[in-house]
Amino acid sequence: MFVDLLRAEVVRLRYRRRATWSVLLMVLIGVLLPTQWMPNAQPLTTAEIAEARAWLQSDIAAGYCADGCTLDQYLRTVLDFEDVARSVAESGLFVAFVVFFIVVTYVGSDFASGALATQLTFTPRRNAVLAARACGGALLGGALMGVATVTSSSVSIVWYLALHGFGSVGAGEGLLAALWSAMLYGILLGAVGALLVFCLGGSVLAGGLALLTLVAQVIIEGFSPTTPAWWVYHVTPVWQGQALLTGSAMYTAEYTRSAITRPEAIGYHLVLIALLATAALVSFNRRDVRG
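Each residue of the sequence shown is one higher than the one before, counting from 1 in full-length UniProt numbering.
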């Protein structure tokens with residue numbers, strides 16, 4: 001039965017209009033994201049070099065360069081291709097935020113429309129329905145993250161080649177790492193979003209809880225009179241997401257600099273999925289789903 005339900009979820013993803021519009025939105029985001037970092041990858045112009053040299057001579061004349069100044073300190077940093085790949089990976093946090101709410105809305109719409117209640121009429125095994133819907137959310141999340149990352153990577157490669165010529169890109173291991181980590185993060189985040197909807201019975205509460213979590217993290221980190229304790233960083237989703245996307249996330253807690261690694265981030269999301277699945281099984285089996 002589970003295989004049939006999962007096949008039905010895949011068919012929904014292929015033919016539902018809201019899924020198609022979501023893919024198009026990810027393509028648009030993937031096209032626009034490189035505009036945030038690619039201008040910094042263009043070579044230095046003659047005017048920029050002349051302006052930097054003028055500032056250097058001015059500071060030397062004013063006596064600000066007693067310890068020595070170099071022209072490189074006044075020049076704009078030109079991103080190499082690895083920096084571009086790192087920017088693609090770091091932008092995955094914004095993409096993941098959008099993907100999470102798309103998955104929550106997609107799954108929660110069946111609660112509001114009564115489609116889930118109709119499905120339970122013909123498929124009373126709620127555990128199988130829950131598992132299939134969670135897998136469907138994971139597939140949707142992974143696909144959307146993959147589309148956005150592939151699009152932004154492709155635009156970045158074309159842009160970089162136009163600026164620096166053929167042979168400047170290299171092997172591109174950083175972009176490959178950004179792609180597979182983004183898809184993995186999308187899969188895990190999609191499952192989290194789907195299970196959260198089933199725990200709370202709708203997309204509004206699930207999305208509200210996610211926003212409340214982000215706001216609480218900003219308040220704790222930004223308005224705390226002292227640096228937060230180390231465990232604050234290890235239990236908050238944004239830091240774990242950054243570690244999964246980029247390989248590690250550095251933070252300073254209690255005046256000690258530490259890092260969250262990618263394996264820890266993967267384990268964090270798997271534990272979160274297990275906890276949400278347990279809570280969803282209990283609440284979904286006890287709750288009456290009305291159309």
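The beta carbon of each residue, even a glycine, is placed where N, CA and C say it ideally should be. Everything numeric in this text was worked out from a predicted model, so none of it was measured.
Unbroken alpha helix (DSSP H) runs of length 4 or more, entirely within the segment 76 to 116: which are they?
81 to 90 and 92 to 113
Using the C-alpha atoms, what's the distance from residue 138 back to residue 188?
Within the sequence shown, residue 188 is the residue found at index 188, counting from 1. Within the sequence shown, residue 138 is the residue found at index 138, counting from 1. About 6 Å.
Please say whether residue 195 and residue 93 have beta carbons closer to each other than 9 Å?
The residue given as residue 93 occupies position 93 in the sequence shown. The residue given as residue 195 occupies position 195 in the sequence shown. No, the pair does not count as a contact, with Cβ atoms beyond the cut-off.
Can the beta-carbon of residue 203 be found less than 9 Å from the beta-carbon of residue 109?
Taking the sequence shown and counting its residues from 1, the one referred to as residue 203 is at position 203. Taking the sequence shown and counting its residues from 1, the one referred to as residue 109 is at position 109. Going by C-beta atoms, residue 203 is nearer than 9 Å to residue 109.
Can you check whether the CB of residue 182 is closer than 9 Å to the CB of residue 33?
The residue you call residue 33 lines up with position 33 of the sequence shown. The residue you call residue 182 lines up with position 182 of the sequence shown. Not closer than 9 Å, so no.
Leaving out the 5 sequence neighbours to the left and right, which residues in its chain are closer than 8 Å to residue 192 when beta-carbon positions are compared?
Here residue 192 is taken as the residue at index 192 of the sequence shown, counted from 1. Here the set comprises 100, 269, 272, 273 and 276.
For the alpha helix (DSSP H) that contains residue 248, what are its first and last residues?
The residue labelled residue 248 in the question sits at position 248 within the sequence shown. Note, residue 248: premise wrong, no alpha helix (DSSP H); beta strand (DSSP E) at 248 to 253.
Among 234, 238 and 116, which one has its Cα closest to the Cα of residue 287?
In the sequence shown, the residue the question calls residue 287 occupies position 287. That would be 116, whose Cα lies nearest to the Cα of residue 287.
Can you tell me which residues form a DSSP beta bridge with residue 256?
For this step, residue 256 is matched to residue 256 along the sequence shown. Residue 256 is bridged to 253.
Whose C-beta lies closer than 7 Å to the C-beta of residue 37 among residues of the same chain, with five residues either side of it excluded?
Locating residue 37 in the sequence shown gives position 37, counting from the first residue. Same-chain partners within the cutoff: 79, 84 and 87.
Please identify the residue among 232, 76 and 227 whose C-alpha is closest to the C-alpha of residue 216.
For this step, residue 216 is matched to residue 216 along the sequence shown. Checking every option, the nearest Cα to that of residue 216 belongs to 232.
So which of 68, 246, 219 and 226 has the shortest CA-CA distance to residue 175?
The residue you call residue 175 lines up with position 175 of the sequence shown. Taking only the C-alpha atoms, the option nearest residue 175 is 246.
Roughly how many angstroms lie between the CA atoms of residue 169 and residue 82, to the nearest whole one?
Translated into positions along the sequence shown, residue 169 becomes position 169. Translated into positions along the sequence shown, residue 82 becomes position 82. Their Cα atoms are separated by approximately 9 Å.
Hey, how far is the Cα of residue 8 from the Cα of residue 19?
Translated into the one-based positions of the sequence shown, residue 8 becomes position 8. Translated into the one-based positions of the sequence shown, residue 19 becomes position 19. Answer to the nearest angstrom: the Cα atoms are 14 Å apart.
If we ignore side chains and look at the alpha-carbon of each, how far apart do residue 224 and residue 253 end up?
As a working mapping, residue 224 is identified with position 224 in the sequence shown. As a working mapping, residue 253 is identified with position 253 in the sequence shown. Cα to Cα, the separation comes out at about 12 Å.
Taking the alpha-carbon of residue 95 as reference, which of 143, 135, 69 and 262 has the nearest alpha-carbon?
For the purposes of this step, residue 95 is taken as residue 95 along the sequence shown, with counting starting at 1. Residue 95 has its Cα closest to that of 143, out of 143, 135, 69 and 262.
With distances taken from CA atoms, which of 103, 164 and 119 is nearest residue 140?
Sequence index remark: in the sequence shown, residue 140 carries index 140 (1-based). Minimum Cα distance to residue 140 is reached at 103.
Mind reading off the beta-carbon distance from residue 5 to residue 128? Whole number of angstroms is fine, and I expect it under 8 Å.
On the sequence shown, residue 5 is found 5 positions in, with the first residue counted as 1. On the sequence shown, residue 128 is found 128 positions in, with the first residue counted as 1. At roughly 6 Å, the Cβ-Cβ gap stays under 8 Å, so residue 5 and residue 128 are in contact.
Could you tell me the alpha carbon to alpha carbon distance between residue 161 and residue 153, rounded to whole angstroms?
Your numbering for residue 161 matches position 161 in the sequence shown. Your numbering for residue 153 matches position 153 in the sequence shown. Their Cα atoms are separated by approximately 12 Å.
Helix or strand or just coil, what does DSSP make of residue 20?
On the sequence shown, position 20 is the one that residue 20 refers to. Of the three classes helix, strand and coil, the one that applies to residue 20 here is helix, per DSSP.
Which stretch, first to last residue, makes up the alpha helix (DSSP H) that contains residue 160?
Within the sequence shown, numbered from 1, the residue matching residue 160 stands at position 160. Looking at the DSSP string, the run of the alpha helix (DSSP H) that includes residue 160 is 126 to 164.
Could you compute how far the alpha carbon of residue 356 sits from the alpha carbon of residue 234?
Because the chain in this structure spans residues 1 to 291, residue 356 falls outside the shown range and cannot be described.
Kindly indicate which three-state DSSP category residue 70 falls into: helix, strand or coil?
Within the sequence shown, residue 70 is the residue found at index 70, counting from 1. Of the three classes helix, strand and coil, the one that applies to residue 70 here is coil, per DSSP.
Skipping 5 residues on each side, what residues in its chain have a beta carbon closer than 8 Å to that of residue 90?
Indexing the sequence shown from 1 puts residue 90 at position 90. For residue 90, where only same-chain residues beyond five positions count, the Cβ hits under 8 Å are 242, 245 and 246.
Is it buried or exposed for residue 21, if we count other Cβ within 10 angstroms and need 16 for buried?
On the sequence shown, residue 21 is found 21 positions in, with the first residue counted as 1. Residue 21 should be labelled exposed.
Go to residue 271, then tell me how far its alpha helix (DSSP H) extends in each direction, as first and last residue.
Position 271 of the sequence shown holds residue 271. 262 to 286 is the extent of the alpha helix (DSSP H) around residue 271.
Within the continuous alpha helix (DSSP H) that includes residue 38, where are the two ends?
Position 38 of the sequence shown, counting from 1, holds the residue named residue 38. From DSSP, residue 38 is part of no alpha helix (DSSP H); its letter is neither H nor E.
Return helix, strand or coil for residue 44, following the three-state DSSP convention.
The residue you call residue 44 lines up with position 44 of the sequence shown. Residue 44: coil per DSSP, three-state reduction.
With the cut-off set at 9 Å, would you say residue 29 and residue 98 are in Cβ contact?
Within the sequence shown, residue 29 is the residue found at index 29, counting from 1. Within the sequence shown, residue 98 is the residue found at index 98, counting from 1. Yes.
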